[in-house]
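Visitor: Structure below; questions to follow.
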Amino acid sequence: MSLKVLHLADIHMGIENYGRLDPETGLHTRLQDFVGCLSFAVDTALEENVGLVLFSGDAYRTCDPNPTHQREFAAQFCRFSDEGIPVVMVVGNHDNPVSFGKASSIDIFG
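Have a look at this one:
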């Protein structure tokens, strides 16, 4: 019996150096690019019947992402939960706050 694992890391959602606001959605076009790529990875993983997802950190550009970035990231990862696929997340250096005792940007996922 084999186990298919999807390994993701370094998404850095929130980098908006280039692009513009999409007048139809109100979202930055770079955010839409990041979400589109992540969605493609999730779609492929679900089609391939992965049994485990390992996320190795750096979900966002900074350790204090805005709520829109959090919503878009969570929407994709919730698709794994909806299918009963376990997700293991490791905190990356971009996820970790500088101050001791503060929550990381991915602590909300348990």
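Each residue of the sequence shown is one higher than the last, beginning at 1 in the UniProt record's numbering. In this text, a Cβ means the ideal position worked out from N, Cα and C, and glycines have one as well. It should be emphasised that the depicted structure is a prediction, and the values quoted were computed from it without experimental measurement.
1) How would you call Glu72, buried or exposed, if buried means at least 16 neighbouring beta carbons within 10 angstroms?
2) For the beta strand (DSSP E) that contains His7, what are its first and last residues?
3) If contacts are defined as beta-carbon pairs under 8 Å, then Asp64 and Ser105 qualify, I think. What distance do you get, rounded to the angstrom?
4) Answer yes or no: do Leu31 and Glu47 have a C-beta to C-beta separation smaller than 8 Å?
5) Quick check for students: name the residue ranges of the alpha helix (DSSP H) that lie wholly in the UniProt domain "Calcineurin-like phosphoesterase" (3 to 96), counting only runs of 4 or more.
6) Between Val5 and Gln70, what straight-line distance do the alpha-carbon atoms span, to the nearest angstrom?
7) Buried or exposed for Leu21, going by 16 or more other Cβ atoms inside 10 Å?
8) For Thr25, which of Thr68, His7, Asn49 and Phe40 has the nearest alpha-carbon?
9) Mark Leu38 as exposed unless 16 or more other C-beta atoms lie within 10 angstroms of its C-beta, in which case mark it buried.
10) Of the choices Val98, Gln76, Asn49 and Asn93, whose alpha-carbon is the least far from that of Phe109?
Guide: So, to answer that:
1) buried
2) Val5 to Leu8
3) 7 Å
4) no
5) 29 to 47 and 67 to 82
6) 24 Å
7) exposed
8) Thr68
9) buried
10) Gln76
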